[in-house]
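A.B. asks: Below: one structure in structure tokens.
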Amino acid sequence: MTKTLFRLGYVAMSVNLKNSSPSQTITYKRFSQFADEEAAIQKLETVAKSNIQNCLRLLKHNKANDIHFFRLSSRLIPLATHDALKGWDYISPIKEDLEELGEFAAKHEIRMDFHPDHFVVLNTTKKEVMKTSVKTLDYHHKLLTHMKLKPIHRCVLHLGGKYENKESSLERFISNWALVPARIQEMIMLENDDKTYTLHDILYVCEKLNIPAVFDLHHHMANHEREDWISEWGRVIQTWSASPLPVKMHISSPKSDKQFRAHANMIDPEMFLTFVKKVNGSTPQIDCMIEAKQKDQALFQLVDDLKANSEVEMVDEASFYLKS
DNA sequence: AAGCGTCAAGCATCC
DNA sequence: GGATGCTTGACGCTT
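Using full-length UniProt numbering, the first residue of the first sequence is number 1, and each one after it goes up by one.
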């Protein structure tokens, strides 16, 4: 059995690096209060530039800590997809910054992707929502291409809303998929959610449309037909067979029994190791996205816990094997 | 500096 | 069909 390389990543922002938010923003309300629209747009561009420069700082922080896996904030450019800013060329003012960011990631082999907000809903019944969803995905596509990153399998989405009838809404994802441009389609990965669409549902769609499946263990514990997931793991791996990228999954721990769906500050290392042991050897590499309130600090804490375990063999500060 | 109300998106739920 | 909650990080006003 080949060993699996596990790499850890975290989401969008750091609790260690001060004043490094990649998600500073101007709300539409504030934007519309500017007397001078040109000044307002200039303000948006200043914020966008700062967000991307902060991303670069985060990437340097990642490099210093051997972190090769990172989720970018989807809020890099405030109001980029807002209706009131149609025609605004939001790329030109930050073109060089995006290139610099992408070059740094490429040079230091940092896998980057996005998780667009939950109002990107591809199984919607409304034409308008479909339009803004594709528009938002196109914004992500633009960011990726200007970072000179191949936009393949870079955006994790959920299947969408239930709309009273889960089965027909699931099928609507499949019929709406035909309305999505091919270059947007190839960016997408699909993740099981904690309320409606289970791993089983996601696999059905992923296999049908050839989309990689991102398994979220925490969501699965909150929402499943059967608690057992390992019997489906082979299918999850299989959805990645045509991808240039390694298998990716999401790891988080429940905040409490009462607030089970909410994310805890840290990752429960025992739960994580139990998972790791089950999937070890199934594929050469699994990138584990740590989704915890304490962001990079949760990753560092988990690494400390792993180092204390004699079954774990660290490769660097954020990657490891299980000893055979 | 800290705390609280506000903002933004779409869906779910309730009336 | 309209109001409210969900969720999250950030803004901005008040103390």
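We treat Cβ as the ideally placed atom computed from N, Cα and C, and that holds for glycine.
Just so you know, these numbers come straight off a predicted model, no measurement behind them.
#1: How would you write the range of the beta strand (DSSP E) that Gly9 sits in, first residue to last?
#2: Could you tell me which residues DSSP pairs with Gln238 in its beta bridges?
#3: Answer yes or no: do Thr196 and Lys148 have a C-beta to C-beta separation smaller than 8 angstroms?
#4: When DSSP labels each residue in this structure, what does Glu191 get in the three-state scheme?
#5: In this structure, does DSSP put Phe173 in helix, strand or coil?
#6: Do you know offhand how far Leu322's Cα is from Gln259's?
#7: Could you give the first and the last residue of the continuous alpha helix (DSSP H) run that contains Ile211?
#8: Just mark Ala106 as buried or exposed, buried being the case when its beta carbon has 16 or more other beta carbons within 10 Å.
#9: For Thr81 and Lys135, I'd like the C-alpha separation in whole angstroms.
#10: Leaving out five residues on either side along the sequence, give the residues of the same chain with a beta carbon under 6 angstroms from the beta carbon of Met189.
#11: Opposite Tyr197 in the DSSP bridges: which residues?
#12: Excluding the 5 residues flanking Phe34 on each side, which residues of the same chain have their C-beta closer than 8 angstroms to its C-beta?
#13: Would you decide whether Met262 is buried or exposed? Buried here means 16 or more other CB atoms lie within 10 Å of its CB.
#14: Do the region 203 to 212 and the region 231 to 244 touch if we need at least three Cβ pairs shorter than 8 angstroms?
#15: Between the C-alpha atoms of Tyr139 and Lys49, what's the straight-line distance to the nearest angstrom?
#16: Taking the continuous beta strand (DSSP E) assigned at Ser319, which residues delimit it?
#17: Can you tell me where the alpha helix (DSSP H) with Arg183 in it begins and where it stops?
#18: Work out the CA separation of Lys86 and Lys142 for me, nearest whole Å.
#19: Should Thr124 go down as buried or exposed, given a rule of 16 or more other Cβ atoms within 10 Å for buried?
#20: Our contact map puts Thr2 next to Ile286 with C-beta atoms below 8 angstroms; I'd like the distance itself, whole angstroms only.
#21: Just to confirm my understanding: we take Leu245, look at its own chain, exclude 5 residues before and 5 after, and list those with CB closer than 6 angstroms. What are they?
#22: Measuring CB to CB, does Ile110 end up less than 8 angstroms from Ile52?
#23: For the pair the region 126 to 134 and the region 69 to 77, tell me if three or more CB-CB distances fall below 8 angstroms.
#24: Checking 8 angstroms against the spacing of the C-beta atoms, do Leu122 and Cys55 come in under that value?
#25: So, for Gln297: in the same chain, excluding its five sequence neighbours on each side, which residues have a beta-carbon less than 7 angstroms away from its beta-carbon?
#26: Looking only at DSSP bridge pairs, what is Cys155 linked to?
#27: Using only alpha-carbon positions, find the residue among Glu45, Lys126, Pro116, Ser253 that is nearest to Ile91.
#28: Between which two residues does the alpha helix (DSSP H) holding Val134 run?
#29: Just reading off the beta strand (DSSP E) that Asp287 is part of, what are its end residues?
#30: To the nearest angstrom, how far is the alpha carbon of Asn223 from that of Asn192?
C.D. replies: So, from the data block:
#1: Residues 5 to 11.
#2: In DSSP, Gln238 forms no bridge with anything.
#3: With contacts defined as CB atoms closer than 8 angstroms, Thr196 and Lys148 fail to qualify as a contacting pair.
#4: Look at Glu191 here: in three-state DSSP terms it is strand.
#5: Three-state DSSP puts Phe173 in a helix.
#6: Looking at the two C-alpha atoms, the distance is approximately 32 angstroms.
#7: Careful: Ile211 lies outside any alpha helix (DSSP H) and carries neither H nor E.
#8: Of the other Cβ atoms in all chains shown, fewer than 16 fall within 10 Å of the Cβ of Ala106; this residue is therefore exposed.
#9: Roughly 7 angstroms between the two C-alpha positions.
#10: The residues His153, Val156, Pro212, Val214, in chain order, have a CB closer than 6 angstroms to that of Met189 in the same chain once the five nearest residues on each side in sequence are set aside.
#11: Tyr197 pairs with nothing; no bridge assigned.
#12: Spatial neighbours of Phe34 in its own chain (CB-CB distance under 8 angstroms, excluding positions within 5 residues in sequence) are listed in chain order as Ala40, Lys43.
#13: The sequence shown places Ala at residue 262, not Met. The residue in question, Ala262, is exposed, as its Cβ has fewer than 16 Cβ neighbours within 10 Å.
#14: Touching, per the Cβ criterion.
#15: When rounded, the distance between both Cα atoms is 16 angstroms.
#16: First-last of the beta strand (DSSP E) with Ser319: 319 to 322.
#17: Per DSSP, the unbroken alpha helix (DSSP H) holding Arg183 starts and ends at 182 to 185.
#18: Between the alpha carbons of Lys142 and Lys86 lies a gap of roughly 15 angstroms.
#19: With 16 or more Cβ atoms within 10 Å of its Cβ, Thr124 is classed as buried.
#20: That pair is no contact at about 12 angstroms.
#21: So the list reads His153, once near-sequence residues are dropped.
#22: No; because the gap between Cβ atoms is not below 8 angstroms, this pair is not in contact.
#23: Two segments are said to touch when three or more pairs of C-beta atoms, one from each, lie closer than 8 angstroms; by this definition the region 126 to 134 does not touch the region 69 to 77.
#24: In this structure, Leu122 keeps its C-beta atom at 8 angstroms or more from the C-beta atom of Cys55.
#25: For Gln297, the CB contacts under 7 angstroms within the same chain, skipping 5 residues up- and downstream, are Val15, Asn16 in chain order.
#26: Note: Cys155 sits in a beta bridge opposite Phe114, Ile188.
#27: The residue with the shortest Cα to Cα distance from Ile91 is Glu45.
#28: Where Val134 is concerned, the enclosing alpha helix (DSSP H) stretches over 127 to 146.
#29: First-last of the beta strand (DSSP E) with Asp287: 285 to 290.
#30: Using only the alpha carbons, I get a separation of about 9 angstroms.
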